[in-house]
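Under our numbering, the first residue of the sequence shown carries the number 77, and numbering increases by one thereafter.
Worksheet: the structure to be examined is printed underneath.
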Amino acid sequence: MRLAIEILQLLVQSADSWLFEGSLAGLSDREWMALRFLARANRFSRTPTALASFLGTTRSVASQIAAVLESKGLMVRKPSAEDKRSIALCITSEGEKFLERDPINVLRDQLVTLELPDRSQLRDTLRRVLDGLDVAKRRHNADVCGRCMFLIESGEGKDRRFKCGLFRKSIAPKDTTLLCAYFEGRG
Ligand code: SF4
């Protein structure tokens, strides 16, 4: 138990770079979180609903956060290519550039200094902890296609193809590393 408490304390201290009062570089911690998500979200998840799910908030609060990002030229709303009745929240090139000022980058840069096996182990351990939390809270986190139960793979080598069984759409190999709010682990 003592070790678990020590780990908890370290996690809380490391949260300084993404949880803060007021604003940094003009954005609140939640606005940064939204911008970060939209920069890494796949085409099914660039929506107010998926953003709300990722932030753990309502669709209306997510829309307000999106409006702030839009007013700063960091994001634009476009008709969705997936569903003409929906809109897609698309990060602009200014938004991409602005992410260089993301307060969480200090933590990222520290993680990069870890040896690759340590980084992989940390990622896998945090994933297992989050998976357990999801079960306890009856919700699920956004994650990448690779571990998703809906991912259908076929072919090999350069003929390797990916398809999403949930949306019944093909997925480009490079897009399988993007975040998806509809991810379901293989259990
Ligand atoms: S396979 Fe899973 S993670 Fe990938 S797009 Fe489909 S639902 Fe999302």
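Note that beta-carbon positions come from the ideal geometry of N, C-alpha and C, so glycine has one too.
query	result
Sub-9 Å separation of Gly241 and Ile228 beta-carbons	yes
Proximity test, Asp207 beta-carbon vs ligand 1 heavy atom, cut-off 8 Å	no
Rounded distance between the beta-carbons of Ala164 and Arg122, thought under 8 Å	5 Å
Completely contained alpha helix (DSSP H) runs for the region 100-179, where each covers 4 or more residues	105-116, 124-131, 135-147 and 169-174
For Phe243, the nearest candidate out of Ala157, Asp105 and Asp194 (CA to CA)	Ala157
Where the alpha helix (DSSP H) containing Arg237 begins and where it ends	Counting along the chain, Arg237 falls outside any alpha helix (DSSP H), though it belongs to the beta strand (DSSP E) covering Arg237 to Cys240.
Distance cut 5 Å, beta-carbon to ligand 1 heavy atom: residue list by chain order	Cys221, Cys224, Phe226, Leu227, Cys240, Leu242, Cys256, Tyr258 and Phe259
Other residues of its chain near Pro124: CB distance less than 8 Å, five sequence neighbours each side excluded	Arg135, Ala138, Ser139, Ala142, Ile163 and Leu165
At least three beta-carbon pairs within less than 8 Å, the region 103-123 to the region 168-178	yes
C-alpha gap between Leu254 and Ala248, whole angstroms	11 Å
Contacting residues, own chain, Cβ-Cβ under 7 Å from Thr252 (five flanking each side not counted)	Val220, Cys221, Gly222 and Phe238
Three-state secondary structure assigned by DSSP to Glu82	helix
Beta bridge counterpart(s) of Glu229 as assigned by DSSP	Phe238
Candidates Leu202, Lys160 and Leu100, of which the one nearest Leu175 by Cα	Leu100
Bounding residues of the alpha helix (DSSP H) (the contiguous stretch that carries Asn217)	Asn217 -> no alpha helix (DSSP H), and no H or E assigned at all.
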